[in-house]
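>
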Amino acid sequence: MSHGEGGSILRQPKSVWAVAFACVIAFMGIGLVDPILPAISKDLHANPSQVELLFTSYMLVTGVAMIITGWVSSRIGPKRTLLAGLVLIVVFSALAGSANGVDGIIGFRAGWGLGNALFIATALAVIVGAASGGVGGAIILYEAALGVGIAVGPLLGGLLGGISWRGPFIGVAVLMAIAFIAVVTLLPTSPKPAHRSSLADPFKALRHRGLLTTALTALFYNYGFFTLLAWTPFPMGLSAHQLGLVFFGWGLCLAVTSVFVAPRLQVRFGTVKTLYVVQGLIALTLVVMGVGTQSKLTLILAVIIAGLFLGINNTLITQAVMKAAPVERPVASAAYSFVRFIGGAIAPFLAGKLGENISPNLPFYVGAGCVVIGILVLASGRKVLARVDEPEEPAPSPADAGRLLVAVDAGPAGTAVVRHAAEVAARRGLSVHLLHVRETEVVGDAAVALEGDADAQRLLAERLAELRAAGVSADGEIAASTGTHPEVARLILDRAVKLAAPAVVIGSSSHTGLHGLLGGSVVAEVSQHAGRPVLIIDPAADKLSPVTG
Numbered sequence: 000m001s002h003g004e005g006g007s008i009l010r011q012p013k014s015v016w017a018v019a020f021a022c023v024i025a026f027m028g029i030g031l032v033d034p035i036l037p038a039i040s041k042d043l044h045a046n047p048s049q050v051e052l053l054f055t056s057y058m059l060v061t062g063v064a065m066i067i068t069g070w071v072s073s074r075i076g077p078k079r080t081l082l083a084g085l086v087l088i089v090v091f092s093a094l095a096g097s098a099n100g101v102d103g104i105i106g107f108r109a110g111w112g113l114g115n116a117l118f119i120a121t122a123l124a125v126i127v128g129a130a131s132g133g134v135g136g137a138i139i140l141y142e143a144a145l146g147v148g149i150a151v152g153p154l155l156g157g158l159l160g161g162i163s164w165r166g167p168f169i170g171v172a173v174l175m176a177i178a179f180i181a182v183v184t185l186l187p188t189s190p191k192p193a194h195r196s197s198l199a200d201p202f203k204a205l206r207h208r209g210l211l212t213t214a215l216t217a218l219f220y221n222y223g224f225f226t227l228l229a230w231t232p233f234p235m236g237l238s239a240h241q242l243g244l245v246f247f248g249w250g251l252c253l254a255v256t257s258v259f260v261a262p263r264l265q266v267r268f269g270t271v272k273t274l275y276v277v278q279g280l281i282a283l284t285l286v287v288m289g290v291g292t293q294s295k296l297t298l299i300l301a302v303i304i305a306g307l308f309l310g311i312n313n314t315l316i317t318q319a320v321m322k323a324a325p326v327e328r329p330v331a332s333a334a335y336s337f338v339r340f341i342g343g344a345i346a347p348f349l350a351g352k353l354g355e356n357i358s359p360n361l362p363f364y365v366g367a368g369c370v371v372i373g374i375l376v377l378a379s380g381r382k383v384l385a386r387v388d389e390p391e392e393p394a395p396s397p398a399d400a401g402r403l404l405v406a407v408d409a410g411p412a413g414t415a416v417v418r419h420a421a422e423v424a425a426r427r428g429l430s431v432h433l434l435h436v437r438e439t440e441v442v443g444d445a446a447v448a449l450e451g452d453a454d455a456q457r458l459l460a461e462r463l464a465e466l467r468a469a470g471v472s473a474d475g476e477i478a479a480s481t482g483t484h485p486e487v488a489r490l491i492l493d494r495a496v497k498l499a500a501p502a503v504v505i506g507s508s509s510h511t512g513l514h515g516l517l518g519g520s521v522v523a524e525v526s527q528h529a530g531r532p533v534l535i536i537d538p539a540a541d542k543l544s545p546v547t548g
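Here it is as structure tokens:
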């Protein structure tokens with residue numbers, strides 16, 4: 000409940016819209032080239048393994064660059080890091096579109112990967128930081144940009160690629176140039192982080208078994224993922240337009256399950272158990288593709304269906320990383336991305352070699368085998384990952400129970416919640432225990448803390464001061480949550496039980512992001528399962544609504 004207000008996406012400042020537009024184009028980067036791989040191979044007289052290096056160079060440089068993104072951003076600031084990424088994407092995508100040989104395109108895609116790393120590593124944090132119309136609305140925009148970019152990338156690649164293989168590269172350069180102008184004009188300069196990151200931090204983070212286990216799992220999974228993404232266009236034998244439509248279906252399925260389905264499965268079955276099943280289904284899909292390589296229909300259906308599983312996996316494994324690593328979120332993300340992109344870099348080139356020299360079926364079987372290895376790696380760390388689905392424990396309970404539990408967030412409801420809580424506590428002769436939950440939002444492969452530790456401490460101190468000024472005895476604590484709103488609700492409910500709280504007081508607007516908005520709020524979860532009265536404060540009406548739990 001770091002930012003309880005959902006906010007409207009229509010009330011966001013123009014700077015947030017500008018960054019969101021740039022995100023759409025950036026997320027097109029991977030799927031954009033799928034439809035034009037066969038055309039590049041034919042027109043430039045390159046074999047599949049050479050053309051696959053467009054993926055390899057892009058992913059390899061993106062992965063390595065993730066190590067330095069935090070170091071760069073902490074020194075020049077998020078806005079300049081974002082703009083540097085945009086400039087690199089514009090320059091290198093334009094150069095790729097003007098190249099006359101496959102070697103040139105491969106090199107320029109590497110530069111594009113550097114720009115992509117700088118941009119993607121900071122985009123979500125910049126959007127959240129610039130959001131004055133509500134953090135929830137800003138995250139909805141980012142989630143929408145993720146979905147549109149992943150789905151539309153192959154479609155645009157197929158459309159422009161039907162004219163010329165150069166079209167998608169030039170198209171991205173033009174669109175990103177527009178985005179650059181909008182961002183540099185509209186986005187205010189953001190302050191540099193107080194703490195400077197070290198280049199060694201991500202490598203030190205990999206000493207933690209939980210982070211290393213999830214990163215290696217992602218490495219092997221990414222091998223299978225990019226085998227499907229990069230090799231499948233060759234045995235399909237479709238035109239650029241047709242490939243664009245197929246991978247549009249893939250991207251649409253991936254985006255939908257990433258945002259809507261993954262959080263629900265996590266709540267119902269748990270993160271690690273869901274990962275076992277989903278990765279098993281991905282491996283099975285690759286086996287089916289290996290068996291049916293000569294059937295266009297089999298490959299088409301398998302690619303689209305695989306998108307359903309890939310979206311779930313991407314979201315849940317990112318959440319597992321954020322919870323398994325006892326380090327700062329940006330450091331964990333950099334270390335994880337560095338390792339996982341190695342699999343994405345190796346797979347396209349090796350798949351091309353296996354497919355052209357041995358059998359077009361073999362890359363799919365090897366990809367399936369790598370995903371299975373990833374499952375075994377995940378299973379090997381089951382003990383260290385056992386706490387992934389457990390709420391992050393708040394501080395020990397106060398000695399005296401029976402306090403009124405008041406959940407406060409950083410939104411405008413906070414003051415009203417505290418005022419009404421003070422009135423209830425005074426009438427009933429109760430002391431108050433404040434609980435503030437710092438949330439880390441996970442969107443696809445990205446994660447961002449919605450609130451810094453210092454901001455959370457300051458908020459708690461201010462709210463406690465308000466209660467004490469009203470003559471109410473109060474103490475408080477800060478807890479942490481990653482990824483899902485039901486987890487925030489579980490933290491509040493667990494705390495209510497441990498305190499033997501006679502009632503819970505909470506603000507009415509406690510949801511963030513698209514899946515939170517559509518899937519139910521923290522308030523609904525707490526009200527349904529509290530087993531005690533829940534007093535809901537409506538900040539707009541400034542009134543209290545009792546709900547019997």
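When we follow numbering that gives the first Met the number 0, the leftmost residue of the sequence shown carries the number 0, and every step to the right adds one. Virtual Cβ for every residue (Gly too), placed ideally from N, Cα, C.
Tell me, which residues are paired with R437 by DSSP?
DSSP, once it has assigned bridges, lists A479 as partnering R437.
> Just checking my contact of I303 with G152 at CB under 8 Å: how many whole Å lie between their CB atoms?
The Cβ separation is near 15 Å, so there is no contact.
> Can you list, in chain order, the residues of its chain with a C-beta nearer than 7 Å to that of V182? Leave out the 5 residues immediately preceding and following it.
So the list reads A17, V18, A21, L81, L82, L85, once near-sequence residues are dropped.
> Decide yes or no for the touch test of the segment 334-341 against the segment 51-66: beta carbon pairs closer than 8 Å, at least 3 of them.
Contact holds: three or more Cβ-Cβ distances are below 8 Å.
> Got a sec? Which residues, its chain only, sit under 6 Å from L198 by beta carbon, not counting five neighbours each side?
Around L198: W70.
> Figure out for me which residue from V504, S472, P329, T314 has the closest Cα to the Cα of S73.
Looking at the Cα atoms, P329 is the closest of the given residues.
> Looking at the unbroken alpha helix (DSSP H) that takes in G161, where does it start and where does it end?
Neither: G161 is in no alpha helix (DSSP H) and is coded neither H nor E.
> Starting from the Cα of G62, find the closest Cα among V23, L117, P37 and give me that residue.
Of the listed residues, the one whose Cα sits closest to G62 is L117.
> Are the C-beta of F340 and some C-beta of chain D separated by less than 9 Å?
In the displayed structure, chain D is absent; only one protein chain is listed.
> Bridge partners for H432 per DSSP, in chain order?
Answer is L404, D474.
> Would V436 pass as a contact of A464 if the rule is Cβ separation under 9 Å?
Not in contact: V436 and A464 (Cβ atoms no closer than 9 Å).
> What number of angstroms, rounded off, separates the C-alpha of I345 from the C-alpha of G148?
Whole-angstrom Cα-Cα distance: 24 Å.
> DSSP three-state label for H419, please.
Looking at H419 - three-state DSSP - the assignment turns out to be helix.
> Counting only runs of 4+ residues fully inside the segment 217-258, write out the alpha helix (DSSP H) ranges in chain order.
List check, alpha helix (DSSP H) in window: 232-235, 239-255.
> Are I104 and A93 close, meaning C-beta to C-beta below 9 Å?
Contact: no.
> Which class does H207 belong to by DSSP, given the choice of helix, strand or coil?
The answer is coil: DSSP assigns H207 none of H, G, I, E or B.
> Look at the alpha carbon of P532 and the alpha carbon of E524, and state the distance between them as a whole number of angstroms.
P532 and E524: Cα-Cα distance of roughly 13 Å.
> Below 8 Å, how does it come out for the segment 361-381 and the segment 246-258: are there three or more Cβ pairs, yes or no?
Contact between the segment 361-381 and the segment 246-258 is absent, because fewer than three Cβ pairs lie under 8 Å.
> For L211, which residues from the same chain have a beta carbon less than 6 Å from its beta carbon, with the 5 sequence-adjacent residues on both sides left out?
Excluding positions up to five away in sequence, the list reads L205.
> For the alpha helix (DSSP H) holding E51, just list the boundary residues, first then last.
Per DSSP, E51 belongs to the alpha helix (DSSP H) from 47-75.
> How about G343 and M58: are their beta carbons less than 9 Å apart?
Cβ distance < 9 Å, so G343 and M58 count as in contact.
> State the Cα-Cα distance for the pair A398 and L433, rounded to the nearest angstrom.
The predicted model places A398 with a pLDDT of 49, which falls under 50 and marks its position as unreliable, so this point remains unresolved.
> Assuming V171 contacts M27 under a Cβ cut-off of 8 Å, what Cβ separation, rounded to an integer in Å, is found between them?
Right, the Cβ-Cβ distance comes to about 7 Å (below 8 Å), so this counts as a contact.
> Please list, in chain order, all residues of the same chain as G269 whose beta carbon is under 7 Å from its beta carbon, the five residues on each side excluded.
Closer than 7 Å at Cβ, skipping near neighbours: D388.
> Would G236 pass as a contact of G156 if the rule is Cβ separation under 9 Å?
Not closer than 9 Å, so no.
> Can you tell me where the alpha helix (DSSP H) holding K272 begins and where it ends?
Its alpha helix (DSSP H) spans residues 270-290.
> Quick one: using the 10 Å Cβ neighbour count with 16 as the cut-off for buried, is G310 buried or exposed?
Looking at its Cβ environment, which holds 16 or more other Cβ atoms inside 10 Å, G310 is buried.
> Taking C-alpha atoms, which residue in E438, V15, A143 lies nearest to D454?
Of the listed residues, the one whose Cα sits closest to D454 is E438.
> Excluding the 5 residues flanking F107 on each side, which residues of the same chain have their C-beta closer than 7 Å to its C-beta?
So the list reads F91, L94, A95, A98, once near-sequence residues are dropped.
> Excluding five sequence neighbours on each side, which residues of the same chain lie with their C-beta closer than 6 Å to the C-beta of I491?
Same-chain partners within the cutoff: A406, V525.
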